[in-house]
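Worksheet: the structure to be examined is printed underneath.
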């Protein structure tokens, strides 16, 4: 009899990772919850993991056969650390990998797009999640949430471009399907919410839901890049500002049936999310 499957969840305390752990544990799966501080997570085995510290790789990979992969935050070249880890994982018995990427990053594209390109050559069972922009970007300590709270503004270089904003709960539901279904997707999955909305639309919904005035302040690409560069490496700031410019040009104006098709239920709307999460 083979040992029960164990799933390694990297970024287990993060926005999607914590939700993936919770869903796996609730469904009775064995989970190794990896984070830089080995933070305890109910129902899972905590393990220390740091992309920039290869000495943490062995323990994280011990006995696991599948993994949910969150790339190193803020890295413009995640493949440099992720690919050696994945090769080590394959040698250690890892056979299924589900990678969190982004709708804006195609296979072979910048940053995690290089990992996406390599994944099918490393594993027979795999999936790449390419969610649109998170609804959670308007909550917590995200810069959008902070600017909304501070002065009632959303600052972007997206113009009138529209985005299929998606709830992290829906991303996690798709991730768990990709990790646990008998036949892995073996493809990339673009994940969106049910509507494509502009940041002006988002501001209007937030105004209605919270009763406080929220407006969208449109910046140029250069203004957005320079603003971001005050808190991150310049190369990464350029990448993110470029994503805003792509939104303005229509790159994210789409919705998909991924959530409905794989989970059997419709994705959460932004209004429903705002009524649930934003006060």
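Residue numbers (my numbering): 427 to 705. Backbone N, C-alpha and C fix where the C-beta goes; we use that ideal spot for every residue, glycine too. Fair warning: this is a prediction, and the values are worked out from it, not measured in the lab.
Residue(s) in a DSSP beta bridge with residue i
| i | result |
| --- | --- |
| residue 436 | 460 |
| residue 647 | According to DSSP, residue 647 bridges with nothing at all. |
| residue 624 | 588 |
| residue 696 | According to DSSP, residue 696 bridges with nothing at all. |
Extent of the continuous alpha helix (DSSP H) run through residue i
| i | result |
| --- | --- |
| residue 670 | 660-674 |
| residue 606 | 594-606 |
| residue 640 | Taken as a continuous stretch (DSSP letters only), residue 640 belongs to no alpha helix (DSSP H), as it is neither H nor E. |
| residue 685 | 684-689 |
| residue 565 | That residue, residue 565, is in no alpha helix (DSSP H); it is neither H nor E in DSSP. |
| residue 542 | 539-548 |
Cβ neighbours of residue i in the same chain (closer than 6 Å, five flanking residues each side left out)
| i | result |
| --- | --- |
| residue 431 | 491 |
| residue 655 | 663 |
| residue 427 | Unreliable placement is indicated for residue 427, whose pLDDT of 38 sits below 50; no coordinate value is reported for it. |
| residue 543 | 533, 534 |
| residue 564 | 570, 571 |
| residue 505 | 540, 541 |
| residue 693 | 596, 619, 620, 685 |
| residue 643 | 579, 581 |
| residue 603 | 688 |
| residue 562 | 441, 594 |
Limits of the beta strand (DSSP E) - the one that residue i falls within
| i | result |
| --- | --- |
| residue 582 | 579-582 |
| residue 554 | 551-557 |
| residue 616 | 614-617 |
Neighbourhood of residue i by C-beta distance below 7 Å, restricted to the same chain and skipping five residues each side
| i | result |
| --- | --- |
| residue 673 | 584, 587, 589 |
| residue 515 | 487, 493 |
| residue 657 | none |
| residue 545 | 523, 525, 552, 554 |
| residue 489 | 432 |
| residue 667 | 583, 647, 650, 651, 654 |
| residue 466 | 472 |
| residue 509 | 541, 544 |
| residue 631 | 696, 697, 700 |
| residue 679 | 587, 588, 622 |
| residue 445 | 594, 595, 598 |
| residue 601 | 442, 446, 494, 524, 555 |
| residue 616 | 529, 556, 682, 684 |
| residue 703 | 565 |
Sequence-distant residues of its chain with Cβ nearer than 8 Å to residue i (five each side left out)
| i | result |
| --- | --- |
| residue 539 | 527, 531, 532, 533 |
| residue 496 | 436, 437, 440, 442, 443, 526 |
| residue 705 | 636 |
| residue 406 | Because the chain here runs from 427 to 705, residue 406 falls outside it and cannot be looked at. |
| residue 498 | 477, 478, 504, 507, 508 |
Taking 8 Å as the cut-off, does the region 573-586 touch the region 544-562 (at least 3 CB pairs, one atom from each stretch)?
Pairwise C-beta distances place the region 544-562 out of contact with the region 573-586, as fewer than three of them are shorter than 8 Å.
List, from N- to C-terminal side, the alpha helix (DSSP H) runs of 4 residues or more that fit wholly inside the region 443-530.
The alpha helix (DSSP H) runs lying completely inside the region 443-530 and spanning 4 residues or more are 443-452, 483-487, 505-518, given in chain order.
Answer yes if the region 680-693 comes into contact with the region 503-521, meaning at least three C-beta pairs across the two stretches below 8 Å, and no otherwise.
The answer is no - the region 680-693 does not touch the region 503-521, with fewer than three Cβ pairs under 8 Å.
Can you confirm whether the region 434-441 touches the region 458-469 when touching is taken to mean that 3 or more C-beta pairs between the two stretches lie within less than 8 Å?
Taking 8 Å as the limit for Cβ pairs, the verdict is that the region 434-441 does touch the region 458-469.
Pairing CB atoms from the region 593-600 with CB atoms from the region 624-631, are three or more of them under 8 Å?
Counting Cβ pairs under 8 Å, fewer than three are found: no touch.
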